[in-house]
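Colleague:
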Amino acid sequence: MGSLPSPSPDLCEKDPKIDRNELLRLFQSQQKYLNFFFQNLDLSQTLAFTQTLLNAKGTIFFSGVGKSGFVAQKISQTLVSLGIRSSFLSPVDALHGDIGILSPADILVLFSKSGNTDELLRLVPCAKAKGAYLISVTSSLSNSLMDLCDSNVYLPLERELCPFDLAPVTSTAIQMVFGDTVAIALMGARNLTKEEYAANHPAGRIGKSLIFKVKDVMKKQEELPACKEGDLIMDQLVELTSKGCGCLLVIDDQYHLIGTFTDGDLRRTLKASGQGIFKLTVGEMCNRNPRTIGPDAMAVEAMQKMESPPSPVQFLPVINDQNILIGIITLHGLVSAGL
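Straight run, no breaks: the sequence shown in the numbering used here ends on number 1040.
1. Between the C-alpha atoms of G945 and L1017, what's the straight-line distance to the nearest angstrom?
2. Taking DSSP as the reference, what is the three-state secondary structure of S815?
3. Of the choices Q976, G977 and L949, whose alpha-carbon is the least far from that of D964?
4. Spatial neighbours of L1032 within its chain, please: C-beta separation below 6 angstroms, excluding the five flanking residues on both sides.
5. Considering only the beta carbon of each residue, do L811 and L803 sit closer than 8 angstroms?
6. Just to confirm my understanding: we take M935, look at its own chain, exclude 5 residues before and 5 after, and list those with CB closer than 7 angstroms. What are they?
7. Is it buried or exposed, T798, if we count other Cβ atoms within 10 angstroms and call 16 or more buried?
8. Between S845, A830, S788 and I959, which lies nearest to G984 when the distance is taken from Cα to Cα?
9. Check each candidate in K718, A828, V951 and S872 and name the one with the smallest Cα separation from D794.
10. Helix, strand or coil: which one does DSSP assign to G801?
11. Are there three or more Cβ pairs, one per stretch, closer than 8 angstroms when the segment 785-792 is compared with the segment 755-764?
12. What residue range does the beta strand (DSSP E) around S788 cover?
13. For the beta strand (DSSP E) holding F739, just list the boundary residues, first then last.
14. On the three-state DSSP scale, how would you describe M1004?
15. Evaluate the contact criterion for the segment 839-859 versus the segment 731-745: three or more CB pairs, one atom per stretch, below 8 angstroms.
16. Buried or exposed, going by whether 16 or more other CB atoms sit within 10 Å of the CB of T779?
17. When you compare only the Cα positions, how much space is there between G931 and P1013?
Take a look at the structure:
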C-alpha cells in the first residue's frame, strides 16, 4: 500500500492565521454592542420582570430554542442554585406531554431573539390553557411572541458581532447577562446567606469551605500520633512516621496537650546532638507553644491558620476548651477533602 503524499510547501503557507488587530477589533466591537444593551435597557421593564419572579408562588420555568434554549437552561440552573424553584421546559417536549407539569401558579419565561420562533408560538396557547403566566424576553420591538404573552421584556440589540449579522453571539451574551443579573437581584431580595448558598453546593469547594468544620475532617482517636513527654525520641520514630501526620502530639496522662514534635525537629535535633539523641526525651525537644484549633472552627479557618506568619505549618492539633487533645487536622487532609 502506498503512503499519503506530504503536503506541499505551498499548501502549508496558505494555512489560515488569526490577525491580532482583527481579533482586537472584534472584542472592541462586542464591547460596543454590549454597551448599547446596557445604555438602552428599560429598567422599569426589568424591575417589573424581576418583581414578578420574586413574587412567584409556583415554579419559574424557562424555555427557548437553539442558542436561546441553552441560555434559558443556564439561567434556570442559576436560580435553582440559589434555592429558587425553577426548571427548563423544552418547547418540543412540552407539546408531547411535558406541559403537564405547568400549573396556574407557575411562570413561563420564553427567550427568543426574534420573538417569532415557531416552536414557542405553538407552545403559548397550550401554556395559557394550563393557566401559567407567560413572559417573553425578546430583542425585537415588534413580534408575535410579545403580542401573545402576558408581559414582555425588550433586550436592546444593536446588531450581532457576526459579519452577516446572523449568528446569535451578541444576542445570547445579552440574554445571559440579563438573566444572571436578575438572578443575583433575586438573591439579594431573598436575603440569601452564605450558609444557605453553601448548602446548595455541598460537593463543590464553595460549599465545603462554608459547611465543613474542623471536626468533620480531622483525624482522631487511634489515628493520632500521641506520646508522653518522658518517652525517648528514638522509641517514638515508628509513631512519628506511621500515622502520616509528620509529627508527634505530646500529652500528659489526662490527654492534655503539652506540645508537638515534628520530623523537622527530629532532623534539627539529630544535627545538633548527634548520638546524644538516643538519650533525649520528646518533652525536652518539643515545641510547647504550638498553634492549635478547636473542633467547631471552620475547616477553611484551619487552612488559613496553617498558612499564617511567621511560617506555614502542615498540621494543627485539635483541642477542646480544657486543652484536651481530641484530634489533628493536616494540610493534606484539607486538600483531600476538596478545600
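From the three backbone atoms N, C-alpha and C, an ideal C-beta is built for every residue, glycine too.
Modeller: Short version:
1. To locate residue 945, count along the sequence shown from 1; it is residue 244. To locate residue 1017, count along the sequence shown from 1; it is residue 316. Here the alpha carbons of L1017 and G945 stand approximately 13 angstroms from one another.
2. On the sequence shown, position 114 is the one that residue 815 refers to. Reduced to three states, the DSSP call for S815 is coil.
3. Residue mapping note: residue 964 aligns to position 263 of the sequence shown, counting from 1. Residue L949 holds the alpha-carbon nearest to the alpha-carbon of D964 among Q976, G977 and L949.
4. In the sequence shown, residue 1032 corresponds to position 331, counting from 1. Only M1007 and Q1015 meet the Cβ criterion.
5. The residue given as residue 811 occupies position 110 in the sequence shown. The residue given as residue 803 occupies position 102 in the sequence shown. The answer is no: Cβ separation not under 8 angstroms.
6. Taking the first residue of the sequence shown as 1, we reach residue 935 at position 234. Counting only Cβ-Cβ distances below 7 angstroms, and skipping sequence neighbours, we find I978 and F979.
7. For the purposes of this step, residue 798 is identified with residue 97 of the sequence shown, where counting begins at 1. For the record, residue 798 in the displayed sequence is Gly; it is not Thr. Around the beta carbon of G798, fewer than 16 other beta carbons lie within 10 angstroms, which makes this residue exposed.
8. Position 283 of the sequence shown, counted from the start, is the residue given in the question as residue 984. The option with the nearest alpha carbon to G984 is I959.
9. The residue given as residue 794 occupies position 93 in the sequence shown. Distance check between D794 and each of K718, A828, V951 and S872 places A828 closest, using alpha-carbon atoms only.
10. Taking the sequence shown and counting its residues from 1, the one referred to as residue 801 is at position 100. Collapsing the DSSP output to three states places G801 in a helix.
11. They touch, by the three-pair rule.
12. Locating residue 788 in the sequence shown gives position 87, where the first residue counts as 1. S787 to F789 is the span of the beta strand (DSSP E), which, as asked, contains S788.
13. Within the sequence shown, residue 739 is the residue found at index 38, counting from 1. Run containing F739: none in the beta strand (DSSP E); it sits in the alpha helix (DSSP H), R721 to N741.
14. Counting from one through the sequence shown, the residue named residue 1004 turns up at place 303. Residue state, collapsed to three classes: helix.
15. Short answer: they touch.
16. Working through the sequence shown from its first residue, we reach residue 779 at position 78. Label assigned to T779: buried.
17. Residue numbering aside, residue 931 sits at position 230 when the sequence shown is read from its first letter. Residue numbering aside, residue 1013 sits at position 312 when the sequence shown is read from its first letter. Whole-angstrom Cα-Cα distance: 28 angstroms.
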